[in-house]
Amino acid sequence: MLKEIEMLTLKDLAEYIDQVVWISDDRISALASQRSGGIEQIDFHGSQPVSRNAKLLQHPEGVLRFSLRANIEGRSEIVPLQWLNLTLHPAGIQQTHEWSGWRITLETTVKRDTLQVQCHCESSASQQNWDGVSLEVAWNSKSLTTEVHGQRLWAEPQIWRERWLLLHATDQIHLQEWLRRTGDYQGDFLIPEGWRRLIYKRRCVSGAARLEDVREEYLHTTLKLYDADTWILLGGESFALQASENDWQRFRSISHTTDDRTWCSPQFEVAFFTAMPIREQPAAESIFAIQTKRYKALNTAAPQLEIPEFPAIEEFFRRVPQIVESARVQDFGMSRACPGTYYWIWAWDNMVTALAQSHWGDLDNLKRIVDFIRWHRDHDGSIPGRWSRQLEPMDSRGVGAMDFLFSELVLSLYAETNDRMILRGNYTALHDAFTHLQQRSHANGLFPTIGMYPDLPAKMGRDENCYVAIDEGAWYGLCRNLEKIAWLVGDQPTAEKAARQASKIAENFLATFWDEERDFVCDAFDPRDGKRNASYPLFSLLFLESPWGYALLRNKLNSCAQFISAHLLNDRGLALTPAWDVNHHSEPAMSAWYPHWDFVAIKALAHAGDFQAVRRWLHLVNECYRRLGYCPEFVALNVKPEEQWQHHGAAWNLNCAAGWYNALLHGLAGLDFDLGGLTCRTTPDMPAFRLKQLHFRGGRWQVEKSGSGKFITSLEVDGEEIKGALKVPTRFYAPDEHQLRIHYAEKLPPHPMLLELWGAELVNVDWAKNEAVFLIHGFGQTDLCFSSPRQPALRFDGREVDCQWQPETNTARCQLPLTGEHEISLTTK
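In numbering that gives the first Met the number 0, the protein residues as written are 0 to 828.
Printed below as a string of structure tokens:
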């Protein structure tokens with residue numbers, strides 16, 4: 000059966016720098032390690048505090064080890080079952096050993112709250128005596144973890160129903176002790192927002208409160224901020240407990256199923272509970288078989304990127320949808336921030352990951368994420384940074400950049416489903432966010448904030464009175480999105496108000512944040528003294544995740560690309576800040592490669608035409624994935640050459656994987672997506688590729704390049720040539736299989752071309768030698784960009800209008816109010 004399934008195969012885990020691999024499902028994850036020869040760590044997300052408290056069983060010598068005990072010609076033989084000849088998917092690992100004419104297979108799988116192990120043997124002999132064969136599982140009693148937030152107390156292990164070992168942990172955080180912690184993540188860390196309002200005298204974001212802010216009655220309280228139990232069962236109904244030896248408790252199988260040539264062990268389990276366990280009869284079908292079938296289906300439906308020059312990137316792209324699914328908490332539809340280690344559910348991670356998952360057609364879970372975020376807000380209506388296990392809001396920064404991402408998510412889901420209820424169901428939440436920020440905004444359109452990112456904004460030299468680039472750019476994006484949504488639901492006054500607010504922000508954004516000396520966006524500006532904080536992080540360009548960002552940066556986008564290439568992209572990665580930046584060491588990520596932000600960097604580089612830099616980035620991504628086997632949370636860059644790739648964050652951080660995924664679609668394939676449809680962008684000097692099964696507007700698309708050169712001359716969609724426009728007309732957005740070929744040539748086309756159309760649909764294009772006529776259906780303010788061999792005359796419904804002509808690039812830009820159908824014509828003079 001397994002030979003029919005496309006799964007990742009490895010000789011052993013030594014192929015990777017870490018020599019480990021995570022398997023994950025729902026609330027459980029486990030770390031298989033070459034070093035220990037078994038399972039080195041098991042995490043469970045129950046009711047305990049978030050973060051490191053998810054790590055329950057861990058030890059460098061291993062938590063679990065496996066072996067096969069056999070009786071061969073009267074001799075007792077023990078065969079260690081370590082990680083060799085591996086076949087794996089995100090929820091399970093199969094290892095295979097050849098021994099004494101036997102083929103031994105061990106399957107280790109996780110599902111929801113359980114890790115399951117089962118062994119199979121197949122003999123080359125026509126008749127095999129299986130007497131004395133058993134699976135032996137050893138558990139390390141030193142693996143009970145206590146390095147947690149607060150304290151963890153373990154009860155003495157108990158034998159439960161003869162066959163099982165029962166473990167019990169209690170996690171507690173005593174408020175009085177917790178409030179007196181010091182350091183970056185001090186005493187107000189992990190306190191849900193409702194409790195913060197109860198405990199503190201003033202409203203302060205996480206990381207900003209001090210002991211003097213605590214109300215008197217809570218300074219000496221016996222209150223427990225957290226008090227949670229976790230029970231763990233190890234064993235199986237057909238396993239016998241053996242005597243403990245050198246801190247290892249052994250379990251041996253006492254029954255099996257056989258025929259003349261095969262042997263199968265019973266199932267050994269490690270199961271986690273948040274209440275005293277009541278063990279049900281295990282399912283007849285192994286969870287390895289269940290999960291394998293599940294991931295086969297996911298793999299079959301997922302987009303495939305064929306790029307022979309970069310095989311590791313091919314594998315990465317194929318695996319991302321499966322990895323995201325392996326981290327999904329099925330009760331909520333939200334995903335944990337990564338399938339490995341201890342992170343729980345975060346709003347930003349889920350939203351940016353969801354914006355990628357529309358490309359593999361997972362719209363049901365995308366809708367669940369939208370619904371969850373709408374329902375689980377802070378008391379003031381803001382989207383929290385994350386949630387506790389009990390879904391209490393935590394780490395709220397107030398209304399701001401999160402609402403921009405939420406508006407992106409709502410628009411994306413609507414565009415993919417054409418379900419008007421998506422807009423209506425979320426409209427008031429978005430309207431409230433807009434109204435709140437507009438009321439807080441100053442006359443220049445900008446609002447004061449400490450900023451939504453990074454974790455410790457005060458260390459960036461900010462406070463609540465600053466203008467912060469990442470947030471003001473996101474505020475602009477929210478206004479542009481709300482204008483579209485308001486038009487679609489029929490709220491014309493709000494649409495006009497949002498458009499005016501966006502214009503005001505655009506007028507003042509560069510004047511506030513652009514540093515002419517550094518030629519890049521500065522992180523923050525203090526309106527009280529008129530000074531910038533002289534820091535230049537890549538994340539300030541968050542707004543570039545939306546096509547609206549091009550209009551906000553205007554003619555500074557090329558300068559941004561030059562800054563990124565010169566100061567951030569190096570031979571080890573793409574740094575978050577320049578090495579000379581005052582905040583380069585303010586927290587670990589600031590001096591590291593944080594892959595989520597690669598998306599905005601690649602958009603800037605691609606838009607500026609610096610594809611040599613994009614190609615350098617492709618080599619780095621390919622090498623990083625090849626060496627680690629996953630997309631990491633971050634990679635430390637300031638290390639010795641021999642230590643490259645060894646210092647990094649969590650495996651398969653989903654917002655980082657989404658950053659790479661989207662950057663590949665944009666920088667390599669040249670695809671941009673917006674409410675109006677699919678736009679192709681030139682990507683000269685990029686390696687040959689073919690993209691299959693890309694999900695878009697109900698259809699599945701195959702995309703490939705044809706020819707070579709620096710310019711796109713035409714598109715071919717389902718066999719029909721489209722000249723004069725790089726946006727796919729709406730008639731092709733049907734739930735069918737589609738073929739998109741992008742034709743390249745060395746010379747600019749001799750006729751006008753529509754290069755960009757943001758916020759509107761292209762209905763049709765009529766092309767002649769010196770004129771192109773576009774029928775466009777708009778949703779409000781629309782950004783357009785044309786190319787032409789000579790300066791063109793631009794007409795809007797027959798009336799000539801002005802545009803910004805750029806002779807050095809032979810392009811023209813303009814913004815027009817397009818609501819409903821309109822005709823745009825370009826005539827070369």
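Just so you know, even glycine gets a beta-carbon here, dropped at the ideal spot from N, CA and C.
Straight-line Cα distance separating Leu-365 from Ile-376: The question names Ile, but residue 376 is Arg in the sequence shown. One C-alpha to the other measures close to 17 Å.
Assumed close pair Ala-505, Tyr-535 - CB separation to whole angstroms, cut-off 8 Å: 21 Å between Cβ atoms; not a contact.
C-beta atoms of Phe-43 and Ala-31 nearer than 8 Å: no
Alpha carbon of Ile-4 to alpha carbon of Trp-101, nearest angstrom: Low local confidence applies: a pLDDT of 41 at Ile-4 is under 50, so the model's placement there is unreliable, with the coordinate-based value given in what follows. Their Cα atoms are separated by approximately 23 Å.
Distance between beta carbons of Leu-573 and Asp-609, contact taken as under 8 Å: So it is not a contact: roughly 13 Å between Cβ atoms.
Exposure label - Lys-10; buried when at least 16 CB within 10 Å: exposed
Bridge partners - Cys-263, DSSP secondary structure assignment: His-119, Thr-256
Where Lys-768 falls: helix, strand or coil (DSSP): coil
Distance between Leu-240 and Leu-667 (C-alpha atoms, nearest Å): 56 Å
Separation of Pro-728 from Arg-689, as counted between CA atoms: 21 Å
Residues bridged to Gly-424 [DSSP beta-bridge criterion]: Answer is none; Gly-424 lacks a bridge partner.
Whether Asn-654 touches Val-351 by CB criterion (8 Å): yes
Limits of the beta strand (DSSP E) - the one that Arg-151 falls within: 150-153
Nearest-angstrom Cβ-Cβ length linking His-229 and Gly-489, presumed shorter than 8 Å: The residue asked about is misnamed: residue 229 is Thr in this sequence, not His. About 51 Å separates the two Cβ atoms, so there is no contact after all.
Candidates Cys-802, Gln-780, Lys-691, Asp-170: closest to His-821 by CA position: Gln-780
Cβ pair count under 8 Å reaching 3, the stretch 125-144 against the stretch 299-306: no
Cβ neighbour criterion (16 or more within 10 Å) applied to Gln-438: exposed
Glu-76 - partner residues in DSSP beta bridges: Ala-69
Inter-residue Cα distance where the pair is His-119 and Ser-705: 50 Å
Candidates Asp-470, Arg-423, Arg-335, Asp-361: closest to Met-401 by CA position: Asp-470
Beta-ladder partner(s) of Arg-614, from DSSP: BP columns for Arg-614 are empty, so no partner.
Met-752, buried or exposed, once every other Cβ within 10 Å from all chains shown has been counted against 16: buried
Beta-carbon spacing of Cys-478, Ala-501 below 8 Å: yes
For His-584, three-class secondary structure by DSSP: coil
Burial state of Ser-707 (16 or more Cβ within 10 Å): exposed
Residues bridged to Asn-794 [DSSP beta-bridge criterion]: Here residue 794 turns out to be Arg, not Asn, going by the sequence shown. Answer by DSSP bridge pairing, in chain order: Glu-799, Ser-824.
Exposed unless 16 or more other CB atoms sit within 10 angstroms - verdict on Thr-678: buried
Range covered by the alpha helix (DSSP H) that runs through Lys-496: 491-512
CB contact check: Phe-238 to chain D, cutoff 8 Å: The structure shown contains no chain D; it is built from a single protein chain.
Between the CA atoms of Leu-224 and Ile-172 - distance to the nearest angstrom: 5 Å
Reference Trp-766, options Asp-673, Gly-723, Val-800, His-742, closest by Cα: Gly-723
His-665 vs Lys-726 beta-carbon contact at 8 Å: no
Reduced DSSP category for Met-589 - H, G, I as helix; E, B as strand; rest coil: helix
Beta bridge counterpart(s) of Leu-63 as assigned by DSSP: Ile-38, Trp-138
Residue nearest to Glu-176 in terms of C-alpha spacing, selected from Leu-166, Ala-168, Asp-187, Thr-169: Asp-187
Status (buried if at least 16 other CB within 10 Å, exposed otherwise) for Pro-749: exposed
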